[in-house]
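A.B. asks:
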Amino acid sequence: MTTAQPLDVQPTPLALLLLGRESDPRSERGVECPGDLPAPSDPDLVERARAAKAKLGDKVFVLGHHYQRDEVIEFADVTGDSFKLARDAAARPDAEYIVFCGVHFMAESADILTSDAQQVVLPDLAAGCSMADMATAEQVAECWDVLTEAGIAEVTVPVSYMNSSADIKAFTGEHGGLICTSSNAQRALTWAFEQGEKVLFLPDQHLGRNTAVRDMGMSLEDCVVYNPHRPNGGLTAEELRAAKMILWRGHCSVHGRFSLDSVNDVRERIPGVNVLVHPECKHEVVAAADYVGSTEYIINTLEAAPAGSKWAIGTELNLVRRLANRFASEGKEIVFLDKTVCFCSTMNRIDLPHLVWALESLAEGKVVNRIQVDPEVARYSKLALERMLALP
């Protein structure tokens with residue numbers, strides 16, 4: 167099922183697409199680490215972006231995800247995580263254009279939550295999400311058939327992470343489930359287990375496992391991993407019936423690269439360091455960390471941290487560098503958890519050249535790279551999102 171239709175797709179210079187060039191064999195599939203961030207854009211583009219944004223005035227509302235590079239964040243009207251930004255867009259009904267500096271599923275969520283009069287633009291359609299791409303509508307429908315054959319579909323509630331496509335959100339809504347964020351995953355799972363006996367958690371296995379085991383007291387044996395690339399997900403009917411958490415075999419390409427060795431190494435290098443990681447990290451990393459939480463939690467924790475404290479952060483590089491610069495004057499030492507530089511290559515496709523192109527096109531009255539979710543898909547997706555919003 168197609169959920170987004172680019173209405174006007176322009177050729178993208180190849181140089182703007184080649185961000186990740188080397189694979190890291192130690193990491194989970196999908197990680198690309200060139201070794202450093204791409205070079206800053208031409209300073210002339212800064213003036214062009216300012217001019218186009220000024221010409222558009224209140225007609226445009228620019229959203230900047232925390233993982234965007236600084237040169238893009240500079241032009242964001244609001245910053246935040248994906249769900250906060252989508253809600254911010256919905257709270258600005260007078261803005262004719264919503265320019266989402268993030269990735270594809272985020273722009274879809276903004277289109278679902280905003281009015282029909284608003285148009286959502288993604289500056290580069292190649293800005294996808296490897297995690298979201300790890301679960302397709304066809305694969306999830308096949309998984310549900312497997313659960314049905316095992317006799318457990320009726321007692322299984324789907325819970326899908328915000329980092330999923332509109333198709334997956336729609337499946338979740340249609341089958342009685344809800345969406346969660348990394349901030350409210352425990353509340354979402356609590357609600358789901360009040361509705362049924364089991365949860366199918368999509369598409370990030372690590373957030374599902376960490377929430378169930380670390381936050382809700384389940385055991386690792388309560389969790390099984392459904393692999394969509396193997397017959398019946400690689401599981402027997404007995405294994406499915408015995409499980410409480412059926413985890414989709416998906417992960418974040420950036421958070422998935424952090425390892426227990428990363429934690430041990432940074433503790434050895436920096437005595438007294440506090441390890442703060444995102445719950446999309448592997449279970450052994452989360453178990454070894456001092457603090458675990460969402461992007462907003464990470465920011466709030468560092469804001470409240472005492473001067474002179476030391477922190478190793480397990481999340482995307484752009485945010486870590488921005489926080490390190492922000493709190494340097496307070497004597498807070500903030501480093502990337504792993505010694506190897508690794509940023510989100512798809513998120514970084516939204517660079518200043520793409521943003522300028524999108525803004526200048528809008529200023530000329532031309533809507534490019536519009537993201538539109540199919541109305542039926544949007545209806546069920548919104549149902550799943552509304553169930554989340556109704557959580558106590």
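Quick note: the sequence shown uses the numbering used here, first residue 167, plus one each step. Just so you know, even glycine gets a beta-carbon here, dropped at the ideal spot from N, CA and C.
1) State the Cα-Cα distance for the pair R433 and K476, rounded to the nearest angstrom.
2) For G317, count the other beta carbons within 10 Å of its own beta carbon; 16 or more makes it buried, fewer makes it exposed. Which is it?
3) Indicate whether the contact test is met: 3 or more Cβ pairs, each with one atom in the region 543-555 and one in the region 324-342, closer than 8 Å.
4) Here's a check: name, in chain order, each residue in its chain whose Cβ is nearer than 7 Å to the Cβ of G399, leaving out the five neighbours to either side.
5) Can you tell me which residues form a DSSP beta bridge with K476?
6) Apart from the five residues just before and just after R253, which ones in its own chain have a Cβ nearer than 6 Å to its Cβ?
7) Exposed or buried, what is P519 when buried is set at 16 or more other beta-carbons lying within 10 Å of its beta-carbon?
8) Could you confirm whether any beta carbon from chain C is found closer than 9 Å to the beta carbon of H231?
9) In whole angstroms, what separates the C-alpha of P259 from that of Q284?
10) Between V226 and N466, what straight-line distance do the alpha-carbon atoms span, to the nearest angstrom?
11) Rounded to whole angstroms, what's the CA-CA distance from S189 to S511? Just pull it up for me.
12) May I ask you to report which of helix, strand or coil DSSP gives G230?
13) Considering Cα atoms alone, identify which of K221, E315, T302 is closest to K335.
14) How many Å lie between A215 and L222 at the Cα?
15) Take A409 and list the residues in its own chain whose beta-carbon comes closer than 6 Å to its own, dropping the five residues that flank it on each side.
16) How should D504 be labelled, buried or exposed, when 16 other C-beta atoms within 10 angstroms of its C-beta is the threshold for buried?
17) Quick check on DSSP: helix, strand or coil for T481?
18) Would you kindly work out how many angstroms separate the C-alpha atoms of E496 and A220, rounded to a whole number?
19) Using CA atoms only, rank isn't needed, just tell me which of A298, D224, C295 is closest to V265.
20) What are the residues that DSSP puts in a beta bridge with Y263?
21) Counting pairs of Cβ atoms below 8 Å between the region 370-390 and the region 434-452, do you hit three or more?
22) Between G356 and M297, what straight-line distance do the alpha-carbon atoms span, to the nearest angstrom?
23) Reducing DSSP to helix, strand and coil, say where I318 ends up.
24) Unbroken beta strand (DSSP E) runs of length 3 or more, entirely within the region 365-436: which are they?
25) For the beta strand (DSSP E) holding H345, just list the boundary residues, first then last.
26) Could you give the distance in angstroms between the alpha-carbon of N440 and the alpha-carbon of I464?
27) Hey, A242 and V228: beta-carbon distance below 9 Å or not?
28) Is the Cβ-Cβ distance between I516 and I500 less than 9 Å?
29) Apart from the five residues just before and just after E194, which ones in its own chain have a Cβ nearer than 8 Å to its Cβ?
30) Distance check for E320 and N484, CA to CA, integer angstroms please.
31) Would S349 pass as a contact of F271 if the rule is Cβ separation under 9 Å?
32) Thinking R235 and N514 are a contact (beta carbons under 8 Å), I'd like their distance in whole angstroms, please.
33) Comparing alpha-carbon positions, which option in R536, K364, L401, A403 lies nearest M384?
34) Would you grab the beta carbon distance between T402 and G362 for me? Rounded to a whole angstrom, and I think it's under 8 Å.
35) What's the call for H231, buried or exposed, on a 16-neighbour Cβ count within 10 Å?
36) Using CA coordinates, which residue listed in A358, I436, T314 is at the minimum distance from L557?
C.D. replies: Reading from the atomic positions:
1) In the sequence shown, the residue the question calls residue 433 occupies position 267. In the sequence shown, the residue the question calls residue 476 occupies position 310. Straight-line Cα distance between these residues: approximately 10 Å.
2) On the sequence shown, position 151 is the one that residue 317 refers to. By the 10 Å Cβ count, G317 comes out exposed.
3) yes
4) Translated into positions along the sequence shown, residue 399 becomes position 233. Taken in chain order, the residues that qualify are C309, V312, Y392, N393.
5) As a position in the sequence shown, residue 476 is number 310, starting the count at 1. BP columns for K476 point to E499.
6) For the purposes of this step, residue 253 is taken as the residue at position 87 of the sequence shown. There are no such residues.
7) What you label residue 519 is simply residue 353 of the sequence shown in a count that begins at 1. So P519 ends up on the buried side.
8) Although the question refers to chain C, the structure presented lacks it and comprises just one protein chain.
9) Working through the sequence shown from its first residue, we reach residue 259 at position 93. Working through the sequence shown from its first residue, we reach residue 284 at position 118. Between P259 and Q284, the C-alpha separation is close to 7 Å.
10) The residue you call residue 226 lines up with position 60 of the sequence shown. The residue you call residue 466 lines up with position 300 of the sequence shown. Cα to Cα, V226 sits roughly 29 Å from N466.
11) Here residue 189 refers to the residue found at position 23 of the sequence shown. Here residue 511 refers to the residue found at position 345 of the sequence shown. For S189, the pLDDT reaches just 37, beneath the cut-off of 50, and the residue's location in the model is therefore unreliable, although a value from the coordinates is still provided. The straight-line gap from Cα to Cα measures roughly 12 Å.
12) To locate residue 230, count along the sequence shown from 1; it is residue 64. Note: G230 maps to strand in three-state DSSP.
13) The residue labelled residue 335 in the question sits at position 169 within the sequence shown. Here the closest residue by C-alpha is T302.
14) Indexing the sequence shown from 1 puts residue 215 at position 49. Indexing the sequence shown from 1 puts residue 222 at position 56. Cα-Cα distance, rounded: 11 Å.
15) Start at 1 with the first residue of the sequence shown, and residue 409 comes out as number 243. Correct list, in chain order: V390.
16) What you label residue 504 is simply residue 338 of the sequence shown in a count that begins at 1. The residue is buried, with at least 16 neighbouring Cβ atoms inside 10 Å.
17) If you number the sequence shown from 1, residue 481 lands on position 315. Coil.
18) Numbered from 1 along the sequence shown, position 330 holds the residue referred to as residue 496. Numbered from 1 along the sequence shown, position 54 holds the residue referred to as residue 220. Their Cα atoms are separated by approximately 34 Å.
19) Within the sequence shown, residue 265 is the residue found at index 99, counting from 1. It is D224 whose Cα lies nearest to the Cα of V265.
20) As a first step, residue 263 must be located in the sequence shown, where it is residue number 97. Looking at the DSSP assignment, Y263 forms a beta bridge with V226, Q285.
21) yes
22) Residue numbering aside, residue 356 sits at position 190 when the sequence shown is read from its first letter. Residue numbering aside, residue 297 sits at position 131 when the sequence shown is read from its first letter. Reading off the sequence, residue 356 comes out as Thr, not Gly. Cα to Cα, the separation comes out at about 24 Å.
23) Position 152 of the sequence shown, counting from 1, holds the residue named residue 318. Reduced to three states, the DSSP call for I318 is coil.
24) 389-392, 411-414
25) The count along the sequence shown starts at 1 and reaches residue 345 at position 179. One detail in the question is off: residue 345 reads as Ile in this sequence, not His. That run of the beta strand (DSSP E) goes 344-346.
26) Locating residue 440 in the sequence shown gives position 274, where the first residue counts as 1. Locating residue 464 in the sequence shown gives position 298, where the first residue counts as 1. Those two C-alpha atoms are separated by around 12 Å.
27) The residue labelled residue 242 in the question sits at position 76 within the sequence shown. The residue labelled residue 228 in the question sits at position 62 within the sequence shown. It is a contact, given that the beta carbons lie within the stated cut-off.
28) Here residue 516 refers to the residue found at position 350 of the sequence shown. Here residue 500 refers to the residue found at position 334 of the sequence shown. No, the Cβ-Cβ distance between I516 and I500 is not below 9 Å.
29) Against the sequence shown, residue 194 aligns to sequence position 28. Low local confidence applies: a pLDDT of 40 at E194 is under 50, so the model's placement there is unreliable, with the coordinate-based value given in what follows. Same-chain partners within the cutoff: H417, S419, G422, R423.
30) Counting from one through the sequence shown, the residue named residue 484 turns up at place 318. Counting from one through the sequence shown, the residue named residue 320 turns up at place 154. If you take the alpha carbons of N484 and E320, they lie about 43 Å apart.
31) For this step, residue 349 is matched to residue 183 along the sequence shown. For this step, residue 271 is matched to residue 105 along the sequence shown. No; because the gap between Cβ atoms is not below 9 Å, this pair is not in contact.
32) Here residue 235 is taken as the residue at index 69 of the sequence shown, counted from 1. Here residue 514 is taken as the residue at index 348 of the sequence shown, counted from 1. Confirmed, Cβ separation roughly 6 Å.
33) Position 218 of the sequence shown, counted from the first residue, corresponds to residue 384. When only C-alpha atoms are compared, the closest one is K364.
34) Start at 1 with the first residue of the sequence shown, and residue 402 comes out as number 236. Start at 1 with the first residue of the sequence shown, and residue 362 comes out as number 196. Contact flag wrong, Cβ pair sits at about 21 Å.
35) As a position in the sequence shown, residue 231 is number 65, starting the count at 1. H231 comes out buried.
36) The residue you call residue 557 lines up with position 391 of the sequence shown. It is A358 whose Cα lies nearest to the Cα of L557.
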